[in-house]
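Chains as they are written, first to last, in our numbering: chain A, 1 to 178; chain B, 179 to 356.
Glycine included, C-beta positions come from ideal geometry on N, C-alpha and C.
No experiment lies behind these values; they were computed from the predicted model shown.
Number of protein chains: 2
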Amino acid sequence: MPVAMKFDLEKSLEILERTPDVLISMLQGISSDWTSVNEGGESWSVYDIIGHLIHGEKTDWVPRTDIILSEETDKNFTPFDRFAQFEDSRGKTLGRLLQEFKMLRERNIEQLRSKNITGEDLAQTGIHPAFGEVTLKQLLSTWVVHDLNHIAQICRVMANQYKEEVGPWTVYLKILQS
Amino acid sequence: MPVAMKFDLEKSLEILERTPDVLISMLQGISSDWTSVNEGGESWSVYDIIGHLIHGEKTDWVPRTDIILSEETDKNFTPFDRFAQFEDSRGKTLGRLLQEFKMLRERNIEQLRSKNITGEDLAQTGIHPAFGEVTLKQLLSTWVVHDLNHIAQICRVMANQYKEEVGPWTVYLKILQS
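Structure below.
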């Protein structure tokens, strides 16, 4: 394997600040055929994934950063609700969700920048409900990978709509195998 | 599984016409740390993937559509060169490749629209070097899924840069397992 990057706050922000525009470029105005269908069972549609990203902006990344950096002795994170979007997104268009996500992300990046996080801060810890002690560096790295994970998932959910239509090419398209 | 979409040219164009802006939103101006590293061995960096997409615009999708719809009796496709980008991209910046891809894609979509493709055209066939007979509908469906496949791959290549940095969260991030 090539040498992987070490965590870098500015380079992490390069990804985090781009995600709303990536999603808007990809999804604003496309037919709901692409965005309302899931991969079967309890899996998520594109619409559900955007609601999940919004819930993360509200309850996960910055609130957990605040817990880690606070003076309080209780460092336990509030468990994340993976199903909150089914209630929160109700009645909203995808376009409105995309704009809401963009607004929340911009505000969160501003808040993160205003903290002037140091190398020492990155080593501070909080208590994750399943993993126990985790560092701020791990939390912020996860925020970046979580964005990329869900952009890739959105691609996969949409690609699967044409799984039959590609015929024999399916064997060359890794996204249809996963 | 939910009912998948049937091929629809307009809905396919919704994806195809968005891809250049998706890639520009994601990649224009970010540090080369994210874009110059591959996943080891003969795998591709983000930079290599954009070169591959450019080569597809030049030699694959529209030229093969032309073969399928032509009056010629020889319907054999020219085999696609999966390594052409290593020569073609040499000396070009990623920003320049992104603009080149956008320009080529716009031209190809114009050409595709100008053909006024009918349902009968979609059933016409060409000869793929590995698969034999394939339809225009399969080729155009594959063009769409191929875009989504490589956007997802770009996300994965970048996410893998932080594979170690996320610590225990790796188990929740499907993109790091594939």
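Of all residues in the stretch 152-171 of chain A, only A152, Q153, C155, R156, M158, A159, N160, Q161, Y162, K163, E164, E165, V166, G167, P168, W169 place a beta-carbon less than 8 Å from a beta-carbon of chain B. Rounded to whole angstroms, the separation of the alpha carbons of L351/B and V145/A is 8 Å.
In this structure, the straight-line span from the alpha carbon of F185/B to that of Y162/A is close to 7 Å.
The DSSP-derived three-state label of N286/B is helix. Between A337/B and L354/B, the gap from beta carbon to beta carbon is short of 8 Å. I246/B is the residue among I287/B, L205/B, I246/B, Q206/B whose C-alpha sits nearest the C-alpha of L317/B. For the stretch 221-236 of chain B, the beta-carbon criterion of a distance under 8 Å to any beta-carbon of chain A is satisfied by none of its residues. Interface flag for E284/B against chain A is unset, since no Cβ pair is found closer than 8 Å. A straight-line Cα-Cα distance of about 52 Å links V240/B and F77/A. Within the stretch 183-208 of chain B, complete alpha helix (DSSP H) segments of at least 4 residues are found at 187-205, given in chain order. Counting along the chain, the unbroken alpha helix (DSSP H) around I154/A starts and ends at 136-159. In this structure, DSSP gives E71/A a state outside helix and strand, which the three-state scheme calls coil. A residue is called buried when at least 16 other Cβ atoms come within 10 angstroms of its Cβ; D60/A meets this threshold and is buried. For A4/A, a Cβ of chain B is located within less than 8 Å of the residue's own Cβ.
For I232/B, the enclosing alpha helix (DSSP H) stretches over residues 224-237. Contact between the stretch 95-114 of chain A and the stretch 20-38 of chain A is present, with at least three C-beta pairs closer than 8 Å. Between the beta-carbon of L122/A and that of T135/A there is about 7 Å, and that keeps the pair under the 8 Å contact cut.
Not a single CB atom of chain B sits nearer than 8 Å to the CB of F86/A.
For G126/A, the enclosing beta strand (DSSP E) starts and ends at 125-128. Restricting attention to V224/B, G234/B, I287/B, the CA atom closest to the CA of S190/B is found in I287/B.
Put simply, the backbone Cα of E106/A is about 10 Å away from that of L112/A.
Beyond the five residues adjoining it in sequence on each side, N216/B comes within less than 6 Å, by CB distance, of W222, S223 in the same chain, given in chain order. With distances taken between CA atoms, K102/A lies nearest to E57/A out of A4/A, E57/A, T73/A.
Bounds of any alpha helix (DSSP H) do not take in G91/A, whose DSSP letter is neither H nor E.
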